[in-house]
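Its first residue numbered 1, the sequence shown is counted upward by one per residue in the working numbering.
C-beta: ideal position from N, C-alpha, C; glycine also.
Quick caveat: nothing in here was measured; it's all calculated off a predicted structure.
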Amino acid sequence: MPSLKWIVPQGRPRVFGIYKRVTSIGKAGANDVAIESASLEPHHAQVVFDGRDFAISPVDAGAQLLVNGKKKKKSKIFHNDKLTLGEVELVFSLYDETATRDASPNQEAQASEIEGMMKLSDFNRRLLEIRAIPDQIEALLDAVIEVVHANKGFVILLRDGEPEVAAARNVDRETIPDAVTQLSDSILRRCIDTRQPLIVSDAVNDTMFNSSESVLNLQLSSVMVAPLVAQGQLLGLIYVGNDNVVNLFEQSSLEVLTVFAGQASLILQNAILLNQLTTDRDRIAEELEAQRFGDIIGSCPSLQEVFRRVEKVAAADINVLITGETGTGKELFAREVHRRSNRADGPFVVVNCGAIPENLMESELFGHVRGAFTGAVSTRQGSFQAANDGTLFLDEIGEMPLALQVKLLRALQERVVVKVGDTKPEAVDIRVLAATNRDLDASIKEGSFREDLYYRLNVINLHLPPLRERGDDIVVLAKFLLHKYAAEFGANVKGFTPKALDAMRNYDWPGNVRQLENRIKKSIVLADKTLIGPDDLDLGSDQSRAVVPLTQAREEFTRTYILQVLERNGGNRTRTARDLGVDPRTVFRYLEREPDAPEPGGPAEG
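#1: For residue 172, count neighbouring Cβ atoms within 10 angstroms of its own Cβ and tell me buried if that reaches 16, exposed if not.
#2: May I ask you to list the residues that DSSP assigns as paired with residue 222?
#3: Given a cut-off of 8 Å on the beta-carbon distance, is the pair residue 22 and residue 43 in contact?
#4: For residue 169 and residue 144, what's the separation of their Cα atoms in angstroms?
#5: Starting from the C-beta of residue 94, find all residues in its chain whose C-beta is less than 7 Å away, skip the five residues before and the five after it, and write them out in chain order.
#6: Assuming residue 496 and residue 532 are in contact, meaning their beta carbons sit under 8 Å apart, how far apart are those beta carbons, in whole angstroms?
#7: If you pair each beta-carbon of the region 332 to 346 with each one of the region 440 to 451, do three or more pairs fall below 8 Å?
#8: Quick check on residue 175: does DSSP put it in helix, strand or coil?
#9: Between residue 460 and residue 318, which are expected to be in contact by the criterion C-beta below 8 Å, what is the C-beta distance as a whole number of angstroms?
#10: Since I believe residue 37 is in contact with residue 31 (beta carbons under 8 Å), could you give me their beta-carbon distance rounded to a whole number of angstroms?
#11: Can you tell me which residues form a DSSP beta bridge with residue 88?
#12: Return helix, strand or coil for residue 201, following the three-state DSSP convention.
#13: Can you list, in chain order, the residues of its chain with a C-beta nearer than 7 Å to that of residue 20? Leave out the 5 residues immediately preceding and following it.
#14: Would you identify the three-state DSSP class for residue 463, choosing helix, strand or coil?
#15: If we count Cβ pairs, one from each stretch, closer than 8 Å, do we get three or more for the region 348 to 359 versus the region 383 to 392?
#16: To the nearest angstrom, how far is the alpha carbon of residue 628 from that of residue 400?
#17: Our contact map puts residue 147 next to residue 154 with C-beta atoms below 8 Å; I'd like the distance itself, whole angstroms only.
#18: For residue 334, tell me which candidate among 559, 35, 394 has the shortest Cα-Cα distance.
#19: Which residues in the same chain have their Cβ closer than 6 Å to the Cβ of residue 566, if we skip the five residues on either side of it in sequence?
#20: Exposed or buried, which one is residue 73 when buried takes at least 16 other CB atoms within 10 Å?
#21: Would you list the residues sitting across from residue 187 in a DSSP beta bridge?
#22: Taking Cβ positions, are residue 54 and residue 76 nearer each other than 8 Å?
#23: Considering only C-alpha positions, which residue in the set 157, 487, 491 is nearest to residue 230?
#24: Look up residue 39 in the DSSP assignment and say whether it is helix, strand or coil.
#25: Do the region 372 to 381 and the region 417 to 430 meet, that is, are 3 or more Cβ pairs less than 8 Å apart?
#26: Would you mind sorting residue 494 into buried or exposed? The rule is 16 or more other CB atoms within 10 Å of its CB.
#27: For residue 261, which option in 234, 70, 226 has the closest C-alpha, if you only look at C-alpha atoms?
#28: Specify, as a first and last residue, the run of the beta strand (DSSP E) that residue 559 falls within.
#29: Quickly, what does DSSP pair residue 170 with across the bridge? List them, please.
#30: Distance, Cα to Cα, residue 186 vs residue 193?
#31: Could you say which of 47, 161, 238, 454 lies nearest to residue 138 if we only look at CA atoms?
#32: For residue 608 and residue 234, what's the separation of their Cα atoms in angstroms?
#33: The beta strand (DSSP E) with residue 443 in it runs from where to where?
#34: How big is the Cα-Cα spacing for residue 572 and residue 590?
#35: Just verifying my parser: in three-state terms, what is the DSSP assignment at residue 298?
#36: Starting from the C-beta of residue 12, find all residues in its chain whose C-beta is less than 6 Å away, skip the five residues before and the five after it, and write them out in chain order.
Next comes the structure, spelled out in structure tokens:
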């Protein structure tokens with residue numbers, strides 16, 4: 001039911017329901033809205049409803065009428081319009097506001113609480129349409145001011161313990177300039193210290209605040225303040241006031257304000273969390289950029305050493321051999337060497353020597369002429385010709401057959417290639433980068449790899465550390481890959497559980513970065529939760545790398561190192577002992593002991 005709200009000088013406003021087609025207003029008792037005021041005519045004005053619109057017009061001669069501050073003879077009126085009749089101020093409302101003309105104080109309190117709940121419900125519905133946090137705060141303030149009949153409201157945030165105005169609104173839904181000058185420091189401080197909501201019915205005459213300079217200077221009347229608390233943390237305050245009416249706010253008003261304060265706390269907490277997420281995202285992006293070397297991510301000392309070597313050798317036009325376990329990113333490093341070299345504008349051609357059948361590899365490398373073999377229906381250039389003026393990357397070079405190694409060596413030495421089935425040599429200008437996960441020294445001893453080719457390729461060696469030796473690089477890489485593939489797959493996965501991070505650190509990762517990437521892809525696709533756990537990564541407790549006692553680890557390392565030096569010395573134990581600076585009996589002792597045997601006198605398995 002529409003209503004007229006009379007803003008009275010003392011106490012709560014009075015509300016008159018409009019339930020007739022014509023509603024009369026004046027000081028005569030026979031009026032529908034009878035207001036005792038010398039400034040009113042006996043029959044001052046009337047509100048007429050024509051079935052669609054409401055309109056107001058003066059009745060008695062000499063009756064003055066203002067609508068929203070403008071003098072009117074007749075005017076349509078809308079929700080929240082201000083009507084001034086003589087010195088009487090009314091607010092027209094289309095809402096169903098309970099009339100309190102004849103209500104008891106208890107009924108008035110109940111009506112105020114119901115009105116507040118309705119406003120909060122309406123605000124919550126509108127909140128879904130408001131995206132920006134500042135707009136949400138302003139909309140909340142507008143709703144609070146209306147429901148508690150204040151003429152101004154403020155949201156104050158605490159920054160380093162000091163209050164700072166975040167939003168300030170007046171009854172006309174306008175932003176208040178110089179808002180900080182309209183607040184009482186003593187009232188704010190009281191609420192901050194007690195963390196309790198507070199009503200000041202007549203601030204100037206209140207014994208607690210009448211000595212406050214800010215209260216006296218501002219001539220404050222009715223004030224209410226409620227704390228904004230989230231998870232035990234005081235975020236700020238919500239402050240409303242009316243400087244024209246004393247004793248305006250009652251306990252029911254404070255209860256309504258407290259409910260709105262709870263809503264404001266949620267909004268602010270969301271804003272803080274959003275800001276933290278944005279800050280964390282930016283920080284992670286900065287850290288990631290600091291640990292990035294082209295497309296390679298890592299900051300462990302061994303990898304940083306590889307980065308430094310890449311920077312040095314990239315500009316030098318010499319061959320490089322990249323070694324390391326499978327999945328450590330050898331091709332990425334090869335591309336980075338090319339990108340930083342003088343050949344960066346030229347082609348980067350990749351040949352996987354382990355994926356090409358032996359009878360086709362020569363054609364793949366050097367090309368062939370038409371009719372050179374069955375199926376050679378046209379002349380085709382090889383990878384050497386395709387990489388001219390650029391870089392040729394020979395991946396898995398340890399898989400190349402011996403017969404072809406001779407031809408590759410000649411091509412590297414003379415910078416000349418001959419197509420299969422042709423006799424005409426072609427000059428090529430290329431840089432060769434090779435990679436392998438094999439131990440080429442062992443392959444040379446076995447006779448499966450040519451030593452002269454090895455030295456031609458291994459001018460500079462870049463050895464890539466396995467993932468298990470890269471410390472927290474595992475976590476950085478895992479988070480990078482998770483965000484990358486979660487976005488690519490449109491998944492709602494946000495991160496890893498602490499147990500998942502521990503499991504990744506403790507796992508051996510025999511497949512290195514490639515294995516990590518595949519596990520994360522799988523976990524994102526199959527995950528049912530927003531956080532990935534160790535089971536999602538197939539990293540149960542049985543997958544963790546066993547931690548052995550320091551004594552056992554030291555013994556295992558010592559034995560392995562002695563064997564390496566012994567192999568270098570061709571099995572000569574006396575020379576090995578001399579090189580190691582130990583007694584020959586020490587070498588004999590380690591050679592005679594089984595690999596898992598404990599040190600004499602040390603702990604033994606029972």
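In brief:
#1: Exposed, because fewer than 16 other Cβ atoms sit within 10 Å of the Cβ of residue 172.
#2: According to DSSP, which records beta bridges pairwise, residue 222 is partnered with 242.
#3: No.
#4: In a straight line, the C-alpha of residue 169 is about 10 Å away from that of residue 144.
#5: Apart from the 5 residues on each side of it in sequence, residue 94 sits with its Cβ closer than 7 Å to the Cβ of 2, 79 in its chain, given in chain order.
#6: Correct: roughly 5 Å between the Cβ atoms.
#7: The answer is no - the region 440 to 451 does not touch the region 332 to 346, with fewer than three Cβ pairs under 8 Å.
#8: Assigned with DSSP and collapsed to three states, residue 175 falls in strand.
#9: About 6 Å separates the two Cβ atoms, so the contact holds.
#10: Residue 31 to residue 37, Cβ: 12 Å. No contact.
#11: Paired residues: 85.
#12: Under the three-state reduction of DSSP output, residue 201 falls in the coil class, being neither helix nor strand.
#13: The residues are 32.
#14: In the structure shown, residue 463 sits in a strand (DSSP, three-state: E or B).
#15: Verdict: yes, contact present.
#16: Here the chain comprises residues numbered 1 to 606, so residue 628 is not present and cannot be evaluated.
#17: Contact doesn't hold; Cβ gap of about 16 Å is too wide.
#18: Out of 559, 35, 394, 394 has the C-alpha closest to the C-alpha of residue 334.
#19: Taken in chain order, the residues that qualify are 576.
#20: By the Cβ neighbour-count rule, residue 73 is exposed, with fewer than 16 other Cβ atoms within 10 Å of its own.
#21: Partner(s): none; residue 187 has no beta bridge.
#22: Between residue 54 and residue 76, the C-beta gap is smaller than 8 Å, which places the two residues in contact.
#23: Ranking 157, 487, 491 by Cα distance to residue 230 puts 157 first.
#24: Residue 39 sits in coil when the DSSP states are folded into three classes, being neither helix nor strand.
#25: Because the criterion of three Cβ pairs below 8 Å is met, the region 372 to 381 and the region 417 to 430 touch.
#26: Under the 10 Å beta carbon count, residue 494 is surrounded by fewer than 16 other beta carbons and is classified as exposed.
#27: The candidate whose alpha carbon is nearest that of residue 261 is 226.
#28: In the DSSP assignment, residue 559 falls outside any beta strand (DSSP E) and lies within the alpha helix (DSSP H) extending over 550 to 568.
#29: Per DSSP, the beta bridge partners of residue 170 are 152.
#30: Cα to Cα, residue 186 sits roughly 10 Å from residue 193.
#31: When only C-alpha atoms are compared, the closest one is 238.
#32: What is shown of the chain runs 1 to 606, which leaves residue 608 out entirely.
#33: Unbroken run through residue 443 is the alpha helix (DSSP H), 440 to 446; no beta strand (DSSP E).
#34: For residue 572 and residue 590, the gap between their C-alpha atoms comes out near 14 Å.
#35: Taken through DSSP and simplified to helix, strand or coil, residue 298 comes out as coil.
#36: Here the set comprises nothing.
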